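Here is the structure we will look at.
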Amino acid sequence: MFKIKNLFFLTVFIVGCDPSSNTQKKDIDLSGISSYDYTLDKTTQKLLEKQVDDVLNPKNLDKWMKHMSSKPHHGGSPWSKQNAEYATNLFESWGFEAYIDTFRVLLPYPKIRKLDLISPKRVSLKLQEPPVKGDESTFIKKDLLPPYNAFSADGNVTAELVFVNYGIPADYVELERMGIDVKGKIVLAKYGGSWRGIKPKVAYEKGAIGCIMYSDPKDDGYFQGDVYPEGPYRNEFGVQRGSVLDMPLYPGDPLTPGYGSRGDVDRLTIEEAPTIMKIPVLPISYSDALPLLESLGGPIAPSSWRGGLPLTYHIGPGPAKVNLQLEFDWQLRTVYNPVGKLTGSKYPDEWIMRGNHHDGWAASAADPISGMVSLMEEARGIGTLLKTGWRPKRTLLYAGWDIEEPGLLGSTEWVEYYKKDIQDKMVVYINTDGTGVGFLGVGGSHALEKLVNEVSSEVMDPIHNVSLQERNRARLRTSNNPDSERSDLRIYPLGAGSDYTAFVHHAGISSLNLGFGGESGGGAYHSLYDTYDHYKRFSDGDFTYGSPWRK
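Just so we're aligned, residue 1 is where the sequence shown starts under our numbering, counting upward by one.
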């Protein structure tokens, strides 16, 4: 995610300020923002930055991360609610009007997860992530959900197994070329190559009756480096949880498309909801995938399909046959979105919003708590300016979205419920998620490209003593990318991968998604092992990139 100093810089630029000594020169048009000529004179801008610089402390991020990631905090869990209350109380203590916005959404938890190899030998797979000695977070079992894919279908299916590489459309073209049909089969796909929900969706369209996904060690395990706890990469038991909701169709509560899930809103039945996956889907570790792959016969997989396990990769079908049994509780659960609000002194009906989700899958320190605590420290810094008499000219909103991981439910329901106000009043939405170490990545509405380039050209990388923009330019040059010679570097278009989705695609709000990454390898993503200890040892442990201010 974007360092908070940069975000504060962006936010103050857009919000506008109202200190008694300042006269705003002109209102802004986001399509042509230019530094310093639309909010503050340069001297006042630098003074405000220094005031915040003097009070912000990366130790706060460390303290808050340790607390908020100390227990499992998946959506609907007691600790997720507690974290929402924790953030709300802090927002209020910093001078914000603070409250929790709630919704009731469909959020099924797993009741039965069973996967057995039944031919050519019988093996009951473990489907568990054992704790790691020295990492206390991995020993906490209370309220911990096991590895699963959110919004998988229920099912009890038995069939021959077919290995489909990454399970993307191009892989099925290759299977068809080889004369292999997955109709009536259960497919085994590697994570990677696409968003995970594509894999079971395409498998279903091709006639498969079940889908199993695993993380191959060639992609994020021992093939890449030492595995946890010796190194950052995925160990043999690590499982990538995640949603398989058909979010390209629509994100949010599957039962209330287009409407906020509150009160007596009309709901679809589960059978009517088109975004719920139609076949059972289960994620497993490469330890559990090993006996399945060992039992496959048929053609040898193309070289580009082969992973890092010590075996010859075959495609099947058979002789491996498996039984996959899944059952979920299909309950409604509560979204807890903490919101902090500062009403604008001059333009109260023009909103600037910052957001980061707070729910995870287990301890979930990197994703999302690293981003959430950075957002909180940014808000605290802005709160210190309130004590000087400063007020934002535009209304400023900070939000911690809940139940993002299963399908962007917290942010989507908020946008759907307040859509008219959002479309009438919101100027821009700025999103972050987890933060890592390395290069600045920015996606967003291209009307904001010039602003992002101006800010990134003025802010220095905390380690390499060059601007963030110049560091990105150098990276492009190493790959002979012609974009490296552009005066303004490109920002990428936004897809549907985080909480900006409903803002930009449904409400039409100019949006940004910001993050640092590319230099801290790892394989803890969405697993039990994304913990405070893992983050401290192998990611931005001293919050060099996550910290808002460099002294």
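We put the beta carbon where it would ideally sit given N, CA and C, even for glycine. For clarity, every value in this text was computed on a predicted model and none was experimentally measured.
- If you draw a 10 Å sphere on the C-beta of D424, you find fewer than 16 other C-beta atoms in it, and that means exposed.
- Nearest in C-alpha terms to S487, of all of T256, K450 and R177, is K450.
- When E174, P217, S93 and P280 are compared, the shortest CA-CA separation from K185 is found for P280.
- Its Cα nearest to that of T312, the residue L292 stands out among L127, L292 and D116.
- Ranked by Cα distance from V52, the first of L61, L386 and N513 is L386.
- Taking the Cα of D54 as reference, the smallest distance to any Cα among Y259, E377 and L512 is reached at E377.
- Fewer than three Cβ pairs drawn from the region 340-358 and the region 190-202 lie within less than 8 Å of each other, which leaves the two stretches out of contact.
- In this structure, the alpha-carbon of I276 lies about 47 Å from that of E49.
- Within a 10 Å sphere around the beta-carbon of S527 sit 16 or more other beta-carbons, which makes this residue buried.
- In the three-state reduction of the DSSP assignment, I300 falls in the strand class, which pools E and B.
- For S511, the uninterrupted beta strand (DSSP E) run begins and ends at S511 to G518, by DSSP.
- When secondary structure is reduced to three states using DSSP, A208 falls in the coil class, being assigned neither helix nor strand.
- Of the candidates G155, S445, D540 and F538, S445 places its Cα closest to the Cα of A507.
- When the alpha-carbon of H67 is set against those of G307, E129 and S370, the nearest one is in S370.
- Here H464 carries a coil assignment [DSSP, helix/strand/coil].
- A Cβ-Cβ separation of about 5 Å places A365 in contact with T531 under the 8 Å criterion.
- Of all C-beta pairs linking the region 503-523 to the region 409-429, three or more are shorter than 8 Å, placing the two stretches in contact.
- Taking M353 as the centre and dropping the five residues before and after it, the same chain places the C-beta of L397 and Y429 closer than 6 Å to its C-beta, in chain order.
- Annotated three-state conformation of R333 is strand, per DSSP.
- The beta carbon of T269 sits closer than 8 Å to the beta carbons of L255 from its chain, once the five residues preceding and following it are set aside; these are given in chain order.
- Counting only residues of its own chain and dropping the five nearest sequence neighbours on each side, D101 has a CB closer than 7 Å to the CB of N337, V339 and W414.
- Around the Cβ of G360, a 10 Å sphere holds 16 or more other Cβ atoms; the residue is buried.
- Sixteen is the threshold: since fewer than 16 other Cβ atoms of the shown chains lie within 10 Å of the Cβ of A474, the residue is exposed.
- Under the Cβ criterion (8 Å, minimum of three pairs), the region 125-136 does not count as touching the region 166-175.
- Taking the Cα of G515 as reference, the smallest distance to any Cα among N465, R537 and P368 is reached at P368.
- With respect to the C-alpha of A189, the residue from P257, Y214 and L440 having the closest C-alpha is Y214.
- Apart from the 5 residues on each side of it in sequence, D288 sits with its Cβ closer than 8 Å to the Cβ of L115, L125, K126, L127 and Y214 in its chain, given in chain order.
- R477 counts as exposed, since fewer than 16 other C-beta atoms from the protein chains shown sit within 10 angstroms of its C-beta.
- Setting aside the 5 residues that flank it on each side, D483 is surrounded in the same chain by L476, L489 and R490, each with a C-beta closer than 8 Å to its C-beta; the list follows chain order.
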